[in-house]
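Mapping to our numbering: the sequence shown position 190 is 191, numbers consecutive. We put the CB at the ideal spot given by N, CA and C, even for glycine. Below is one structure, written out as structure tokens, with a few remarks after it.
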Amino acid sequence: MTTYHTHTYRCRHATGDAMDYLKTARKASIRELGFSDHCPYPDRRWSESRMDMDELPAYIHAVDAAREEAKGFDEPMQVFAGLECEWGPDIHGYLKDELLGHFALDYLGVGIHTYLHRGSWRDSFVITDPRELASFADTTAKALESGIFAFLAHPDLFCYNWAPWDENAIACAKDILEAAQATKVPLEINGCGFRKPKVRGDRGQRRPYPHEYFWDLACEYDILCVVNSDAHRPVDIIAGIEEGKAMGSTRGLKILEKLDLTSKPR
Ligand SMILES: [Zn+2]
Ligand SMILES: [Zn+2]
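See the structure below:
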């Protein structure tokens, strides 16, 4: 088993540090463990849910220490240092040159928690207008096309506040799936979604994500998938992974056992 979406206490809404996750990952016989805490920005953008820039070296150091520790394990475990980023044209250079370049991170994941709508940032959790859905899809597609990301976290996040699976949701999903097919960036079936409180759907309560209908539609595309726990507590290191794999395999989706993190920058 592998997981590439792991947080630490530094994002201010998770608990535990790299070594704590390493311990639970070892117990769960994880073969590859990727850390992807929420990415800091030099202008302290969205700082309430992420580390500050000056915490980044200590984060990388903590992951390096976990990697060293894992070298002594009887069963080999690979440990990678990454970050979960937003994407926009004004931060692209920073992600590529500073994070992948200067800080030499092993990979970046992208999670569109905020998207660009008419030149300003909007919260993906409260989409209420079809034009906003289109902007979410647009930001997502451009992020995939940017060529710097190893996977797209929770591609179906746009459904969080969008109850009906209607023509607008389907159009948004198709735009994302087409971009994933063209760029071959793996889409994540997010294990954390199985643990989140239910939200409003068109047939009563449903999971916020992974969204059944999104992944039904995904089968019609030649895309790659990855299943991650998105752990925010060490105890959740493999939570939701089996459920996510079952969701993907019953639909015949191509689930990668491992991400190729050797050929960076992407
Ligand atoms: Zn988080
Ligand atoms: Zn995350």
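- Residue pairing from DSSP places residue 256 in a beta bridge opposite 226.
- Boundaries cannot be given for residue 221, as no alpha helix (DSSP H) includes it and DSSP labels it neither H nor E.
- Residues 2, 3, 4, 78, 238, 239 of the same chain have their beta carbon placed closer than 8 Å to that of residue 31, with the five preceding and five following residues left out of the count.
- Residue 242 places its beta carbon 8 Å or farther from that of residue 182.
- Selection 99, 138, 89 evaluated against residue 121 yields 89 as nearest (Cα-Cα).
- Residue 43 sits close to residue 95, with the two beta carbons spaced by under 8 Å.
- Not one heavy atom of ligand 2 sits closer than 7 Å to the Cβ of residue 245.
- In the DSSP assignment, residue 110 falls within the beta strand (DSSP E) that extends over 108–111.
- DSSP places residue 82 inside the beta strand (DSSP E), whose first and last residues are 79–86.
- Judged by the Cβ position, residue 139 fails to qualify as a neighbour of ligand 2 at the 7 Å threshold, every heavy atom of the ligand being at least this far.
- Within the same chain, and ignoring the five residues on either side of residue 138 in sequence, the residues whose Cβ sits closer than 7 Å to its Cβ are 173, 176, 177.
- Using a Cβ distance threshold of 8 Å, residue 233 and residue 191 do not count as a contacting pair.
- Taking residue 185 as reference, the option from 263, 216, 27, 255 with the minimal CA-CA separation is 255.
- Between ligand 2 and the CB of residue 231, the shortest heavy atom gap is smaller than 7 Å.
- Looking from the CA of residue 103, the closest CA among 146, 57, 119 belongs to 57.
- DSSP, read as helix, strand or coil, puts residue 190 in strand.
- For residue 94, the shortest separation between its Cβ and any heavy atom of ligand 2 does not lie below 7 Å.
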